[in-house]
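Everything in the sequence shown is counted per UniProt numbering, starting at 1 for the first residue and increasing by one.
Below: one structure, written as structure tokens.
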Amino acid sequence: MKNRVFFPQVALDEWLVEDRVDLRNDELTIKNEGRKYRIIEAIRVMSEVSGSPDSHELLGKVKSKAFLAELGAEILETSMILGDNAYDVVPGFVGAPIGTFADHQRVGPPSQTRNLTTDEDLLAAFLATKL
1 MKNRVFFPQV ALDEWLVEDR VDLRNDELTI KNEGRKYRII EAIRVMSEVS GSPDSHELLG
61 KVKSKAFLAE LGAEILETSM ILGDNAYDVV PGFVGAPIGT FADHQRVGPP SQTRNLTTDE
121 DLLAAFLATK L
């Protein structure tokens, strides 16, 4: 399975204002690492708040907005209704790295990221300095 990461909308907004990331069409670039991700709109499902069983098994998962729309979900900011269920959600984007990590290293990432060996290490280093 290909690596994927969820970028909350609130964090992306902050990073864009601080000029730490670049967003063009469906491509997100983390500037100081030079790593690029193909992104699509997504929702992270945090909790079911109506007390109904989670019949769609969405709790704790990240799903694309398109998939949830096909299921009939109605999303408004941080809330989602799907059938008899009501959920607290986090809007954002899910991203998959463009190219392999080895390709990324060959292109020449900044010196502070050269000792990192995986996409996970690179993203963890970015998040540790930004959150």
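Ideal Cβ placement from N, Cα and C applies to all residues, glycine included.
Excluding sequence positions up to five away, which residues of its chain have a Cβ less than 6 Å from the Cβ of A96?
-> Taking the sequence shown and counting its residues from 1, one reaches residue 96 at position 96. So the qualifying residues of the chain are K2, R4, R38.
Run the CB neighbour count on V49, radius 10 Å, all protein chains shown included, and call it buried at 16 or more, exposed below.
-> Position 49 of the sequence shown holds residue 49. Counting Cβ neighbours within 10 Å, V49 comes out exposed, since fewer than 16 surround it.
Tell me whether E74 sits in a helix, a strand or coil according to DSSP, three-state version.
-> Position 74 of the sequence shown, counted from the first residue, corresponds to residue 74. Residue state, collapsed to three classes: strand.
Who pairs with F6 in a beta bridge, going by DSSP?
-> Reading the sequence shown from its first residue, position 6 is the one you call residue 6. Looking at the DSSP assignment, F6 forms a beta bridge with V94.
Spatial neighbours of Y87 within its chain, please: CB distance less than 6 Å, with the 5 preceding and 5 following residues excluded, ordered by chain position.
-> Here the question's residue 87 lines up with position 87 in the sequence shown. For Y87, where only same-chain residues beyond five positions count, the Cβ hits under 6 Å are V45, E48, M80.
Tell me the DSSP bridge mates of L23?
-> By one-based count along the sequence shown, residue 23 stands at place 23. L28.
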